[in-house]
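Chemist: Sequential numbering of the sequence shown, starting at 865, is according to this note's numbering. Take this structure, written in structure tokens, and hold onto it; I'll ask about it next.
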Amino acid sequence: MKVCVKSSNVIVKPSEPTWNGILELSELDQTGTMMHVPTIYFYATSPQPPESLMETLKSSLSQVLVHFYPMAGRLNWTTNNNTTTGCHLVLDCNSEGVILIEAESDGVLSELGDFYPQPDFDQLVPSADYYTAPPIQKMPLFIGQLTKFRCGGWSLGLAISHVVSDGLGTSNFLHQWARLARGKPLSVVPFIDREVLHQAHKDPLIHHMAVLEHCYYYSYYNFGGPPLIIGESSNENEKKKETKECVLRLSKPQIETLKKVGGANYTRYEVITAHIWKCACMARNHKADQPTNLTMSVDIRKRMDPPLHNSYFGNAVIDVVTHGVSGEVISMPLGQVARMIHETIDNVTPECVTSAISFLKGVTRGRKEELPFSGNPNLNVISWMSLPLHGLDFGWGEEIHMGPGNHTGDGDILILPSREGDGSLRVALSFQTNHIDAFKKCFYQAAYMVT
């Protein structure tokens, strides 16, 4: 499949004047490696010509940026820190605008099969590289690409800065954009003020181990990162191994089976993640005493006191980690592994949130270097189950598929709702090539799945 760019770097700015100034980012906005999160939406044939589609997207995007004005700004480093090791990031709300790209493909949608991440996506989803030109203060925080296919279908590939917002905030932004494209008013007004998170660390706290032991960044800064394969002094060998991606479907009856076996007291995410962890440890053929970490992201909007507004536009997630030993994870009943995960998530109390933000205040922020490799023997399981991902209608019908837009690294797993609305879920994953077949077999044929 060949993709030809018709117009690149079309700058879209807010259609009206917006607040102009420096938005101080919270600690949660600038933990971890800076990145643009890639996603892609596919649409069937549209009755409108490509130029009309593009004009509708541009016009409505300029309108929604009036309300979500941080998205039209630029990141920058403060000048009173050492930028070679990382420093404080700020968001300059200067209305510099976002980028839209228009492209054409000689391919047809049917060539993409099940639409799951594949090399062709590299031509359909724009990318952003923070480590080469342009400098960060020139990098747009939103880049979209409209690609028209020979069959009349089209795709919308997106790369959106994770520093600006988390998954829920970004999903709200996209759906409000689509509403304006359809001539509808906003249904969600973004809550942009970061002051509530800045206030969280102003009271002095004693960081007890019981509060922060499951906080990923506390573990990283104090204990040097995730476990290595036994006998290895670094993760360089694991990094070099070939990986393969796939998407596995869990039907509603299969999920109900996992819930029944794992325990009714645990959420779908907890029992599914427990199942994934057990399968990963088996497929990777670890030694019984191999340490293994499971990293998860927890939304804190409802876990703060008082709670954050649900329309908060920023990062309101904390990464947490459950520590395990491979042989024990394999031998434990599913419910016991689910309980370990549940206890880690349940530990994210208002005190934990406040203490974690306070702790992060004192460590390097706005990291420029990559975080430690989180592949074998570890896992990173992210849930998009509760996000409003589907139904992105710009006026010519909802998407026929939505999903991640790139190839992830070893052990990166994403749980998504299905578009069908039948209670099923999709598990998008990346594993080392020599482990993935064993993982698939365990995923569907574990004893408790077939009883």
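C-beta: ideal position from N, C-alpha, C; glycine also.
(1) Using 8 Å as the Cβ pair cut-off and three pairs as the minimum, do the region 1153-1160 and the region 1234-1254 touch?
(2) Ordered along the chain, which non-local residues of its own chain (more than five positions away) have a Cβ less than 7 Å from that of Arg-1165?
(3) Do Thr-882 and Ser-959 have their CB atoms nearer than 7 Å?
(4) To the nearest angstrom, report how far apart Ser-1222 and Cys-1079 are at their CA atoms.
(5) Among Cys-1145, Ala-1144, Lys-1124, which has the Cα closest to the Cα of Val-1135?
(6) Suppose only complete runs of 3+ residues qualify. What are the beta strand (DSSP E) ranges in the region 1069-1146, listed by chain order?
(7) Out of curiosity, what's the CA-to-CA distance linking Pro-983 and Ser-916?
(8) If we call anything under 7 Å between Cβ atoms a contact, is Gly-1269 one with Ile-1000?
(9) Quick check: the region 1210-1225 against the region 1245-1255, are at least 3 beta-carbon pairs closer than 8 Å?
(10) Can you give me the start and stop residues for the beta strand (DSSP E) that Glu-1215 sits inside?
(11) Which parts of the region 1154-1195 are runs of the alpha helix (DSSP H), unbroken and 4 residues or longer, counting only runs that do not cross its ends?
(12) Could you check the C-alpha separation between Lys-1116 and Arg-1058 for me, to the nearest Å?
(13) I need the boundaries of the beta strand (DSSP E) containing Leu-1010, first residue and last residue.
(14) Any idea if Asp-993 is buried or exposed, counting beta-carbon neighbours within 10 angstroms, 16 or more meaning buried?
(15) Take the Cβ of Pro-1068 as the centre, count every other Cβ of all protein chains shown within 10 Å, and call the residue buried at 16 or more, exposed below.
(16) Rounded to whole angstroms, what is the Cα-Cα separation between Ser-1267 and Val-1027?
(17) Taking the C-alpha atoms as reference points, what is the distance between Gly-1031 and Trp-1248?
(18) To the nearest angstrom, how far is the alpha carbon of Trp-1141 from that of Ile-1279?
(19) Identify every run of the beta strand (DSSP E) within the region 1235-1281, keeping only runs that are complete inside it and at least 3 residues long; order them along the chain.
(20) Compute the Euclidean distance between the alpha carbons of Arg-1203 and Leu-1005, then round it to the nearest angstrom.
(21) Measuring CA to CA, which of Ser-1238, Cys-1306, Ile-1007 is closest to Ile-1277?
(22) Which runs of the alpha helix (DSSP H) at least 4 residues long sit entirely within the region 907-948? Give them in chain order.
(23) With a 10 Å radius around its C-beta and 16 neighbouring C-beta atoms as the bar for buried, classify Ser-1025 as buried or exposed.
(24) Quick one: what's got a C-beta closer than 7 Å to Ser-926's C-beta in the same chain, skipping five residues either side?
(25) Indicate the three-state DSSP secondary structure (helix, strand or coil) for Cys-1015 in the structure shown.
(26) Run the CB neighbour count on Pro-1091, radius 10 Å, all protein chains shown included, and call it buried at 16 or more, exposed below.
(27) Just verifying my parser: in three-state terms, what is the DSSP assignment at Leu-889?
(28) Can you tell me whether Ile-886 is buried or exposed? The criterion is at least 16 other CB atoms within 10 Å of its CB, across all chains shown.
(29) Could you give the DSSP three-state label for Ile-1300: helix, strand or coil?
(30) Looking at the strands, I want to know which residues DSSP matches up with Pro-902.
(31) From the DSSP secondary-structure annotation, give me the bridge partner or partners of Ile-965.
(32) Going by DSSP in three states, Asp-978 sits in which element: helix, strand or coil?
(33) When you compare the CB positions of Gly-1285 and Gly-1199, do they come within less than 7 Å of one another, or not?
(34) Tell me whether the beta-carbon of Tyr-907 lies closer than 7 Å to the beta-carbon of Trp-1018.
(35) Report the partner residues of Ile-875 according to the DSSP bridge assignment.
(36) Can you tell me where the alpha helix (DSSP H) with Leu-1038 in it begins and where it stops?
Modeler: In brief:
(1) yes
(2) Same-chain partners within the cutoff: Pro-1171, Leu-1172, Asn-1174, Tyr-1176, Ala-1180.
(3) yes
(4) Cα-Cα distance, rounded: 12 Å.
(5) Lys-1124
(6) Runs of the beta strand (DSSP E) inside the region 1069-1146: 1107-1114.
(7) 29 Å
(8) no
(9) no
(10) Where Glu-1215 is concerned, there is no enclosing beta strand (DSSP E), although the alpha helix (DSSP H) it sits in stretches over 1214-1225.
(11) 1190-1195
(12) 39 Å
(13) In the DSSP assignment, Leu-1010 falls within the unbroken beta strand (DSSP E) covering 1006-1012.
(14) For Asp-993, the number of other beta carbons within 10 angstroms of its own is below 16, and it is reported as exposed.
(15) Note that Pro-1068 has pLDDT 47, beneath the 50 cutoff, so the model's placement of it is unreliable and no number is given.
(16) Checking the sequence shown, residue 1267 turns out to be Gly, not Ser. About 20 Å.
(17) 8 Å
(18) 13 Å
(19) 1243-1247, 1265-1268, 1276-1281
(20) 39 Å
(21) Ser-1238
(22) Those alpha helix (DSSP H) runs which fall completely within the region 907-948 and span 4+ residues are 914-931.
(23) With 16 or more neighbouring CB atoms inside 10 Å of its own CB, Ser-1025 falls in the buried class.
(24) Val-876, Lys-877, Pro-878, Ser-879
(25) Per DSSP, reduced to three states, the secondary structure at Cys-1015 is coil, with no helix or strand assignment.
(26) buried
(27) Under the three-state reduction of DSSP, Leu-889 is assigned to coil, being neither helix nor strand.
(28) exposed
(29) helix
(30) Ala-1023
(31) Gln-1009
(32) If DSSP states are grouped into helix, strand and coil, Asp-978 belongs with coil.
(33) no
(34) yes
(35) Ile-963
(36) 1031-1045
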